[in-house]
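Data first, discussion second: the structure below is written as structure tokens.
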Ligand code: HEM
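Numbering (this note's numbering), first residue to last: 42 to 436.
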């Protein structure tokens, strides 16, 4: 089975779900011509592959090629990012971050997320405005900056650097995108490096302080790893959350759901509504893995070095796992979906992202009960990221 589908085709970018449905109905695994690799579309295949340790993110050593020199600053970070590593190094880096991401520290952010939500709403313009730039983007970026201990005034730079860097994972990547990503990586890393220096003598109760302690211990974290970890957390800590809030609010404000905005965002309902937002229209659609040995699964034999795409958003609409999966139904029973991945790289930030959504959306719905769409929302040409270019609303 072969799938021919350009990931930059405008109709697909706006609504990839009919293509996913056809692909999934044909076979759980198919060769996606445009990516030159197998792709998994069913809930079972995606979950199985994500959890199978014979597959991983890191390229097998014999296939690794030197990075082109114009991308050196980008890969100086990416090569040390836990998201691109497996085995002991991944475990060590992930363990250090998990130790800092205690449930106590995450829960303590609840009141701060609430206060920041109110503050952002207080500053809403009186005319039509973009909910992404006025709410969905500043909220998570300022919260992750606080968690790390980076000054919030840096938020505009963090957003700019992060947007330029994550474009490297998008299908529209070209030389201009690569040059911008390399520049952003160099600037971001210069900032983090010098900021860490100023913080060495100024310990606080934040993640950077904890990472500095691990680095100074000399065995647990190298300086390059610390920089890469900070940048990964700052980037991953908001990119997906921004677009989950955007995609979710676009759905909740669409007819006929808008009439029930208050009900779906009520404290008793918001956890289920959040899971349905993540299931129905997640912000990240595809992650890839390499096979590390010969493996036969779902009728296909992978050889070492073969890549496979895990289609998270396709898995989330599998009729074998959910009744009437194309329908957005916040009242459906909650069941694990693939929006945060699964297995060794399962999203570290899932509890924080959930807390942000379950705190911010009820405040938004309660403070702006008259909110309505001011223009039909459009998705950006950023596949595999699936997020809106803007969400024009009026309150
Ligand atoms: C709704 C928001 C979010 C979504 C949908 C999301 C989704 C994901 C997914 C699918 C992965 C796994 C990628 C793979 O398996 O290859 C992942 C990994 C990761 N996420 Fe998130 N994420 C979100 C928010 C966050 C936040 C708020 C943070 C930081 C605080 C974060 C930090 C990370 C990190 C560090 C990893 C790498 C984990 C590893 O490699 O072991 N994410 N995320």
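We treat Cβ as the ideally placed atom computed from N, Cα and C, and that holds for glycine.
As the structure is a prediction and not an experimental result, all values here were calculated from the model.
Are there 16 or more other CB atoms within 10 angstroms of the CB of residue i, so buried, or fewer, so exposed?
i           : result
residue 71  : buried
residue 397 : buried
residue 173 : buried
residue 340 : exposed
residue 317 : buried
residue 375 : exposed
residue 354 : buried
residue 281 : buried
residue 115 : buried
residue 56  : exposed
residue 426 : buried
residue 63  : exposed
residue 251 : buried
residue 244 : exposed
residue 332 : buried
residue 84  : buried
residue 441 : The chain is shown only over 42 to 436; residue 441 falls outside these bounds and no answer can be derived.
residue 334 : exposed
residue 190 : buried
residue 215 : exposed
residue 139 : exposed
Between which residues of its own chain and residue i is the CB-CB distance below 8 Å, once the five residues before and five after are set aside?
i           : result
residue 53  : 46, 47, 60, 424
residue 93  : 336, 338, 384
residue 103 : 346
residue 298 : 292, 305, 369
residue 78  : 72, 329, 347, 348, 349, 350
residue 126 : 98, 99, 134
residue 302 : 293, 294, 406, 410, 412
Might you give, ordered along the chain, the residues of its own chain that have their beta carbon closer than 7 Å to the beta carbon of residue i, omitting 5 neighbours on each side?
i           : result
residue 291 : 418, 429, 432
residue 185 : 274, 275, 278, 279
residue 151 : 396, 400
residue 412 : 294, 434, 436
residue 390 : 277, 278
Just checking residue i against the ligand HEM - is the residue's beta carbon closer than 7 Å to any of the ligand's heavy atoms?
i           : result
residue 396 : no
residue 380 : yes
residue 388 : yes
residue 328 : yes
residue 123 : yes
residue 371 : no
residue 233 : no
residue 404 : no
residue 277 : yes
residue 57  : no
residue 98  : yes
residue 185 : yes
residue 241 : no
residue 393 : yes
residue 297 : no
residue 324 : yes
residue 131 : yes
residue 281 : yes
residue 353 : yes
residue 135 : yes
residue 285 : yes
residue 180 : no
residue 274 : yes
Might you give, ordered along the chain, the residues of its own chain that have their beta carbon closer than 6 Å to the beta carbon of residue i, omitting 5 neighbours on each side?
i           : result
residue 286 : 177
residue 416 : 433
residue 68  : 42
residue 205 : 221, 222, 225
residue 131 : 123
Would you list, in sequence order, the uninterrupted alpha helix (DSSP H) runs of no fewer than 4 residues that lie entirely inside the region 363-406? Entirely contained in the region 363-406, not one alpha helix (DSSP H) run reaches 4 residues.
Minimum length 3: unbroken beta strand (DSSP E) runs contained in the region 286-359: Runs found: 327-332, 336-338, 341-343, 348-352.
Segments of 4+ residues assigned as alpha helix (DSSP H) that fall wholly inside the region 200-252: Taken in chain order, the whole alpha helix (DSSP H) runs of length 4 or more contained in the region 200-252 are 216-240.
Exercise for the section: Let me know the beta strand (DSSP E) ranges lying completely inside the region 73-130, each 3 residues or longer, listed in chain order. Expected result: Listed in chain order, they are 78-81.
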